[in-house]
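Undergrad: Line by line, the protein sequences give chains A and B.
All the letters of the first sequence, read from the start, carry residue numbers 45 to 296 under the numbering used here.
All the letters of the second sequence, read from the start, carry residue numbers 2 to 193 under the numbering used here.
I am attaching a structure below and will ask some questions about it afterwards.
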Amino acid sequence: MEQWQEPETIAVWIIFAAAFFLVLLIFIILLIRAFFKRIVQEKLKESKAKMIHQKHLLDTTIKTQEIERKRIAEDLHDELIGKLMVIKLRQEADSNSQSDIVSLVNESINTARRISHDLSPPLLEFTSLADLLLEMIDHWKVRFEIVTNFDERKNEMVSDNFKIQFLRIAQETITNIDKHAEASRIDFHFRQSRSSVALKIVDNGVGFDKNIKRKGLGLKSIETRVQFLRGKYHVDSKKNVGTSVLYFFNKF
Amino acid sequence: MITFRKQCAQGKILILFLIASLGIDLVSRGYEAFVSNNLVLLYFLSLAEITAFSLLYYTMMENKKIPIYLGCLGVGYVLLELLYLEVDSVALFQSYSKVVGAFIIVIMAMYHIFIQISKGKEIENKGLIFGILFYFSMEFILMLPLNYLINYTSEIVVVLWLFRVSVISIFYLILIHFIWSSGRSQKPLRFG
Chain A
45 MEQWQEPETI
55 AVWIIFAAAF
65 FLVLLIFIIL
75 LIRAFFKRIV
85 QEKLKESKAK
95 MIHQKHLLDT
105 TIKTQEIERK
115 RIAEDLHDEL
125 IGKLMVIKLR
135 QEADSNSQSD
145 IVSLVNESIN
155 TARRISHDLS
165 PPLLEFTSLA
175 DLLLEMIDHW
185 KVRFEIVTNF
195 DERKNEMVSD
205 NFKIQFLRIA
215 QETITNIDKH
225 AEASRIDFHF
235 RQSRSSVALK
245 IVDNGVGFDK
255 NIKRKGLGLK
265 SIETRVQFLR
275 GKYHVDSKKN
285 VGTSVLYFFN
295 KF
Chain B
2 MITFRKQCAQ
12 GKILILFLIA
22 SLGIDLVSRG
32 YEAFVSNNLV
42 LLYFLSLAEI
52 TAFSLLYYTM
62 MENKKIPIYL
72 GCLGVGYVLL
82 ELLYLEVDSV
92 ALFQSYSKVV
102 GAFIIVIMAM
112 YHIFIQISKG
122 KEIENKGLIF
132 GILFYFSMEF
142 ILMLPLNYLI
152 NYTSEIVVVL
162 WLFRVSVISI
172 FYLILIHFIW
182 SSGRSQKPLR
192 FG
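Below, the structure written as structure tokens:
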């Protein structure tokens, strides 16, 4: 009897073949698993690259915006205010001129100067964050009752970029209060320590429903800048009581 | 023009393997003329395959232990079978050395592919790697019922032998193509 006709031999062949197919199956499963893992890793890599690109885009947009603002501020200051000053001086020298024209020109000069300073605060690098904030708040004292509570534990060197973005956030918040809150009083709580800066702005306005999403340009601009400075913010509002916004920045 | 010196390590191993295979084939023809059967040369072919492909994966793998251990295991098994198995009777001849050799090479091929894909690397010499996997998987299946294939006479057996011949032809063509493409000597440029 030939070997292949023996049942033991056939059984061995079947076992070997089954074992081989099992190994092949395990290999295919492992291969598919590894392949999908690779796809997931590549997608993760891609999304990380996209995030970095978006961050870069945001940085560039904000920086370009600042450069443009500075240019407008300089144009306003050097050209418009200069020319208004000449008109004012001529009007003052002319004995026949009317006093209301002089006062109007004076007002125009002040407005242009305020816009210029808002666009690009002067002596930014030599002024502390708290002073810059106080100066900015000062303009709003004619419209609101303003209470300030400043706590500067450590006057650490803050970059000009941080200062300007921080001021824009505060400016945008006050503009929002002015436009929508119908408030009469604003409280500013500012605290600066070695590694963090916090600002809380509280108004006594009409408040709003937090559940209704409001995504105006102002809020978006605030969000973008907070994100740019890698900070956090929290809004709390109660109808007919007021709104408080807290900004917190860890590293600057 | 193909030159041995210009070959990469894998190319050299494959050339030596082809020479060894040709040698075994020629010897088997002479052996058949003088002795009753040439089945004993299957062991030598198995030894040549295990040695050559273990060396091939040794040059390609980062983990050198796997081809060394598997190669030694395969060679050990073939030598044991060679010592103890009856080769004079064709009716009783059932060797598993080709099967074990094929299985070991398939395991090395699978491990190599799996590691390359896991590490996110591009698999180099895809044609050769998948050719090895395909050929030795077929060898495993076809060489398992060896006793049946050499003793039973029917149309199905002829078909199976023909199928094996075509698989071997494809595999040797892959090997030759690899050797040709890796050892091609380029003509020097006349200008610059």
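Using N, Cα and C, we set each Cβ at its ideal position, and we do this for glycine too.
Please work out which residues of its chain come closer than 6 angstroms, Cβ to Cβ, to residue 19/B, disregarding the five sequence neighbours upstream and downstream, and give them in chain order.
TA: Same-chain partners within the cutoff: there are none.
Undergrad: In whole angstroms, give me the CA-to-CA distance for residue 176/B and residue 52/A.
TA: Taking the straight line joining both Cα atoms gives about 37 angstroms.
Undergrad: Spatial neighbours of residue 169/A within its chain, please: C-beta separation below 8 angstroms, excluding the five flanking residues on both sides.
TA: Only 204 meet the Cβ criterion.
Undergrad: Decide if residue 79/B is buried, meaning its Cβ has at least 16 other Cβ atoms within 10 Å, or exposed.
TA: With 16 or more other Cβ atoms within 10 Å, it is buried.
Undergrad: Ordered along the chain, which non-local residues of its own chain (more than five positions away) have a Cβ less than 6 angstroms from that of residue 294/A?
TA: Only 240 meet the Cβ criterion.
Undergrad: Of all the alpha helix (DSSP H) runs that stay within the bounds of the stretch 116-143 of chain A, which reach a length of 4 or more residues?
TA: DSSP runs (the alpha helix (DSSP H)) wholly in the stretch 116-143 of chain A: 125-137.
Undergrad: Fully enclosed by the stretch 143-175 of chain A, which alpha helix (DSSP H) runs are 4 residues long or longer?
TA: Here the runs fully enclosed are 143-163.
Undergrad: When the Cβ atoms of the stretch 123-136 of chain B are set against those of the stretch 178-185 of chain B, are three or more pairs found closer than 8 angstroms?
TA: The stretch 123-136 of chain B, when compared against the stretch 178-185 of chain B, does touch it at the 8 angstroms Cβ threshold.
Undergrad: Quick one: is residue 113/B buried, meaning 16 or more other Cβ sit within 10 Å of its Cβ, or exposed?
TA: Buried, since its Cβ has 16 or more Cβ neighbours within 10 Å.
Undergrad: Under 8 angstroms by Cβ, that's how I've got residue 44/B and residue 98/B pegged, so tell me the actual separation to the nearest angstrom.
TA: Right, the Cβ-Cβ distance comes to about 5 angstroms (below 8 angstroms), so this counts as a contact.
Undergrad: Name the chain B residues that come within less than 7 angstroms of residue 74/A, Cβ to Cβ?
TA: Under the 7 angstroms cutoff, chain B gives 115.
Undergrad: Determine which residues of the stretch 139-163 of chain B have a Cβ less than 8 angstroms from any Cβ of chain A, and write them out in chain order.
TA: So the close ones are 141, 142, 145, 146, 148, 149, 152, 153.
Undergrad: Check the Cβ-Cβ distances between residue 90/A and every residue of chain B, and say whether any is below 8 angstroms.
TA: Taking Cβ atoms only, chain B never reaches closer than 8 angstroms to residue 90/A, which makes this a no.
Undergrad: Give me the residue from 162/A, 77/A, 121/A, 220/A with the minimum Cα distance to residue 289/A.
TA: Closest by alpha carbon: 220/A.
Undergrad: Can you give me, in chain order, the residues of the stretch 43-75 of chain B that have a beta carbon less than 9 angstroms from any beta carbon in chain A?
TA: Answer set for the stretch 43-75 of chain B: empty.
Undergrad: Let's test the definition: count the other Cβ atoms within 10 Å of the Cβ of residue 291/A and tell me whether it reaches 16, buried, or not, exposed.
TA: Answer is buried; the Cβ neighbour count reaches 16.
Undergrad: Any contact of the stretch 155-163 of chain B with the stretch 93-108 of chain B, i.e. 3+ C-beta pairs under 8 angstroms?
TA: No, the stretch 155-163 of chain B is not in contact with the stretch 93-108 of chain B.
Undergrad: So residue 216/A packs on residue 262/A, CB below 8 angstroms; how close in whole Å?
TA: Right, their Cβ atoms sit about 5 angstroms apart.
Undergrad: For the beta strand (DSSP E) holding residue 244/A, just list the boundary residues, first then last.
TA: Where residue 244/A is concerned, the enclosing beta strand (DSSP E) stretches over 241-247.
Undergrad: Could you name the residues that DSSP lists as bridge partners for residue 193/A?
TA: Partner(s): 233/A.
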